[in-house]
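Peer 1: Here the sequence shown is numbered in my numbering, starting from 1 and rising by one per residue.
We put the beta carbon where it would ideally sit given N, CA and C, even for glycine.
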Amino acid sequence: MANSVEFTNAVKRFGDMTAVDDVSFSIAGGETVALLGPSGCGKTTILRIIAGFEKPDAGTVRIAGEDVTRLKPYQRNVGLLFQHYALFPHMTIAENVAYGLRYRGCPRNEIDDRVAEMLELVRLPDFGHRKPHQLSGGQQQRVALARALATRPGLVLLDEPLSALDAKLRQELRAELKQVLAAVDATTIVVTHDQEEAMSLGERVFVMRSGHIVQAGPPNEVYGQPRSRFVAEFMGRANWFRGRLEARGNGLAAFVGANGMKLVVSTQHNGVGRGEVDLCVRPESIDLMAPQAAAASGERNRIPGQVLEITPLGAMRQVLIELQGGEQLLAVQPNRAGDAQVPGQPVVVGLPAEGCVVIPVAA
Ligand code: ATP
């Protein structure tokens with residue numbers, strides 16, 4: 001059964017350092033949440049408090065409605081996969097997966113059935129008799145996941161589950177991990193400092209900074225409607241323009257850039273008033289047009305510029321543009337054959353109002 005989690009006003013200090021600073025959140029049973037943030041922001045400490053390896057200095061942890069703040073780790077029915085997922089080297093794969101079940105005194109035949117089921121789930125059905133060193137890194141990672149899930153925990157905590165793997169394997173295993181997690185009836189909290197991993201695994205992403213959750217929401221919302229410059233930059237690349245917000249209404253406002261650039265921007269998601277703001281424009285929300293085509297359609301938020309540099313990235317290409325006012329702008333577009341710009345070419349940049357997110361300068 002998937003267990004809900006309530007983390008309420010939790011504080012954890014190490015000496016005079018506050019690793020978790022009055023953090024509260026609720027996670028529904030069955031939900032998958034990604035805790036995302038830079039190194040040292042307190043992600044692992046939150047996971048360790050939920051698992052019972054750290055006692056919070058203040059606050060409570062409830063799992064499935066029960067206050068577990070003072071319970072030992074083994075009393076919490078939590079499945080764990082920690083950063084250095086080391087399997088027990090002297091045990092076979094089957095023995096590794098069986099470890100938690102044996103610890104709980106499950107009958108032998110039940111253990112055998114469950115181990116077979118778990119190895120099937122992580123697509124390693126014939127590997128039970130091997131030792132960990134006879135498996136690749138990706139296979140060992142899958143065994144560690146099978147071990148974490150074998151006791152059918154209602155809550156699964158994964159700390160950087162893919163960090164030991166190289167980039168390509170990470171991507172492959174990420175999709176697999178998502179499928180496995182969807183197949184088991186558990187709530188999952190995954191800690192990562194990789195925004196792609198957080199966005200692909202989490203139904204909600206909690207972005208952390210210095211012991212606080214600074215924004216929480218579905219991945220596309222956190223990416224597309226960041227409420228601070230920190231969140232915007234942590235979630236991906238962005239172009240920035242400093243300026244003022246003027247007359248507003250209907251979820252739109254007039255933005256006047258430092259060099260006089262005028263744009264209509266969306267204020268729907270941020271309750272930003274008038275005054276100085278940073279404008280965030282994601283590279284993929286930018287339209288690039290040939291000057292003739294742009295003149296024909298005559299819409300707002302068009303800025304003439306010139307292509308400076310084109311970098312192919314495989315599926316996408318990156319286009320660096322110098323705008324008329326002198327600023328540089330990065331656009332990312334599908335890398336289709338036949339419609340490539342060339343350096344030096346004049347181009348018109350279109351910035352859709354809903355792709356222009358305003359953020360108060362102080363945030
Ligand atoms: P990473 O991505 O590097 O694992 P994190 O976000 O998981 O980082 P935590 O491991 O939660 O960060 O650490 C938060 C802060 O608390 C860090 O500054 C860390 O140095 C400190 N810290 C964590 N555990 C201890 C400890 N046992 N003793 C002293 N300081 C600690």
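1. Between which two residues does the alpha helix (DSSP H) carrying Ala10 extend?
2. Mind checking who Ile359 pairs with in its DSSP beta bridge?
3. Run through DSSP, which three-state label would Glu309 get?
4. For Arg108, does the count of other Cβ atoms within 10 angstroms reach 16, so buried, or fall short, so exposed?
5. What first and last residue would you give for the alpha helix (DSSP H) that runs through Ala167?
6. What would DSSP say about Ile189, mapped onto helix, strand or coil?
7. Could you check what DSSP says for Ser200 in three-state terms: helix, strand or coil?
8. Would you kindly work out how many angstroms separate the C-alpha atoms of Pro89 and Lys131, rounded to a whole number?
9. With a threshold of 6 Å, establish whether the CB of Phe82 neighbours any heavy atom of the ligand ATP.
10. Under a three-way DSSP split, which group does Ile365 fall into?
11. Could you check what DSSP says for Leu119 in three-state terms: helix, strand or coil?
12. So who's on the other strand from Thr18, going by DSSP bridges?
13. If I measure Cβ to Cβ from Lys43 and keep anything under 7 Å in the same chain, skipping five residues before and after, which residues do I get?
14. Report the partner residues of Ile46 according to the DSSP bridge assignment.
15. Could you name each continuous beta strand (DSSP E) segment of 3 residues or more that falls completely within the segment 75-160, going from the start of the chain to the end?
16. Any chance the CB of Cys356 is under 6 Å from a heavy atom of the ligand ATP?
17. What is the C-beta distance between Gly138 and Leu169, in whole angstroms, given that I count them as a contact (C-beta under 8 Å)?
18. Using the beta carbon as the reference atom, which residues fall closer than 6 Å to any heavy atom of the ligand ATP, ordered along the chain?
19. The beta strand (DSSP E) with Ala34 in it runs from where to where?
20. Assign Ala353 to one of three DSSP states: helix, strand, or coil.
21. Consult DSSP for Ser244 and reduce its assignment to one of helix, strand or coil.
22. Nearest to Ser266 by CA position, among Cys356, Glu95, Ala116 and Arg62, is which residue?
23. Per DSSP, what are the beta-bridge partners of Gln215 in this structure?
24. Considering just the uninterrupted stretch of the alpha helix (DSSP H) at Phe255, what are its terminal residues?
25. Give the straight-line distance between the Cα atoms of His212 and Pro56, rounded to the nearest whole angstrom.
26. Give the secondary structure of Gln292 by DSSP, where H, G and I count as helix, E and B as strand, and everything else as coil.
27. Of the choices Val33, Arg282 and Gln333, whose alpha-carbon is the least far from that of Asp289?
28. Taking just the CA atoms, how far does Ser200 sit from Asn3?
29. According to DSSP, is Asn239 helix, strand or coil?
30. When the Cα of Arg300 is compared with those of Gly314, Glu160 and Gly350, which residue comes out closest?
31. Go through its chain and collect everything with a Cβ distance to Gly79's Cβ below 6 Å, but skip five positions before and after it.
32. Distance, Cα to Cα, Val5 vs Val122?
Peer 2: In short:
1. Locating residue 10 in the sequence shown gives position 10, counting from the first residue. First-last for Ala10: Val5 to Phe14, but that is the beta strand (DSSP E), not the alpha helix (DSSP H).
2. Position 359 of the sequence shown, counted from the first residue, corresponds to residue 359. In DSSP, Ile359 forms a bridge with Asp278.
3. Sequence index remark: in the sequence shown, residue 309 carries index 309 (1-based). Of the three classes helix, strand and coil, the one that applies to Glu309 here is strand, per DSSP.
4. Translated into positions along the sequence shown, residue 108 becomes position 108. When all chains shown are included, Arg108 counts as exposed.
5. What you label residue 167 is simply residue 167 of the sequence shown in a count that begins at 1. Ala167 -> alpha helix (DSSP H) spans Ala167 to Ala183.
6. Taking the sequence shown and counting its residues from 1, the one referred to as residue 189 is at position 189. Looking at Ile189 - three-state DSSP - the assignment turns out to be strand.
7. One-based indexing of the sequence shown puts residue 200 at position 200. DSSP places Ser200 in helix when its eight states are reduced to three.
8. Stepping through the sequence shown from its first residue, residue 89 is reached at position 89. Stepping through the sequence shown from its first residue, residue 131 is reached at position 131. Their Cα atoms are separated by approximately 7 Å.
9. As a working mapping, residue 82 is identified with position 82 in the sequence shown. Checking every heavy atom of the ligand ATP against the Cβ of Phe82, none is found closer than 6 Å.
10. Missing from the structure shown is residue 365; the chain here goes from 1 to 363 and no further.
11. Taking the first residue of the sequence shown as position 1, residue 119 is located at position 119. Residue state, collapsed to three classes: helix.
12. By 1-based counting over the sequence shown, the position of residue 18 is 18. Beta-bridge analysis with DSSP links Thr18 to Arg13.
13. If you number the sequence shown from 1, residue 43 lands on position 43. The residues are Leu35, Gly37, Val191 and Met208.
14. Here the question's residue 46 lines up with position 46 in the sequence shown. Note: Ile46 sits in no beta bridge, so no partner.
15. 78-81 and 155-159
16. The count along the sequence shown starts at 1 and reaches residue 356 at position 356. Cys356: no, Cβ never under 6 Å from the ligand ATP.
17. To locate residue 138, count along the sequence shown from 1; it is residue 138. To locate residue 169, count along the sequence shown from 1; it is residue 169. About 5 Å; that satisfies the 8 Å criterion.
18. Phe14, Met17, Ala19, Gly37, Ser39, Gly40, Cys41, Gly42, Lys43, Thr44, Thr45 and His193
19. Taking the sequence shown and counting its residues from 1, one reaches residue 34 at position 34. Thr32 to Leu36 is the extent of the beta strand (DSSP E) around Ala34.
20. Counting from one through the sequence shown, the residue named residue 353 turns up at place 353. DSSP places Ala353 in helix when its eight states are reduced to three.
21. Position 244 of the sequence shown, counted from the first residue, corresponds to residue 244. Per the sequence presented here, residue 244 reads as Arg, with Ser not at that position. Here Arg244 sits in strand by DSSP.
22. Working through the sequence shown from its first residue, we reach residue 266 at position 266. If we check each option's Cα against that of Ser266, Cys356 comes out closest.
23. In the sequence shown, counting from the first residue as 1, residue 215 sits at position 215. Beta-bridge pairing by DSSP links Gln215 to Val207.
24. For the purposes of this step, residue 255 is identified with residue 255 of the sequence shown, where counting begins at 1. It is not in any alpha helix (DSSP H) - Phe255 instead sits in the beta strand (DSSP E) that spans Leu252 to Gly257.
25. Residue 212 sits at position 212 when you count from the first residue of the sequence shown. Residue 56 sits at position 56 when you count from the first residue of the sequence shown. Distance between the alpha carbons of His212 and Pro56: 15 Å.
26. Working through the sequence shown from its first residue, we reach residue 292 at position 292. Of the three classes helix, strand and coil, the one that applies to Gln292 here is helix, per DSSP.
27. Looking up residue 289 in the sequence shown gives position 289. The sequence shown places Met at residue 289, rather than the Asp named in the question. The residue with the shortest Cα to Cα distance from Met289 is Gln333.
28. Taking the first residue of the sequence shown as position 1, residue 3 is located at position 3. Taking the first residue of the sequence shown as position 1, residue 200 is located at position 200. Those two C-alpha atoms are separated by around 22 Å.
29. Numbered from its first residue, the sequence shown carries residue 239 at position 239. The answer is strand: DSSP assigns Asn239 an E or B state.
30. Counting from one through the sequence shown, the residue named residue 300 turns up at place 300. Measuring from the Cα of Arg300, the nearest candidate turns out to be Gly350.
31. Taking the first residue of the sequence shown as 1, we reach residue 79 at position 79. Ala148, Leu149, Pro153 and Val156.
32. Stepping through the sequence shown from its first residue, residue 5 is reached at position 5. Stepping through the sequence shown from its first residue, residue 122 is reached at position 122. Straight-line Cα distance between these residues: approximately 26 Å.
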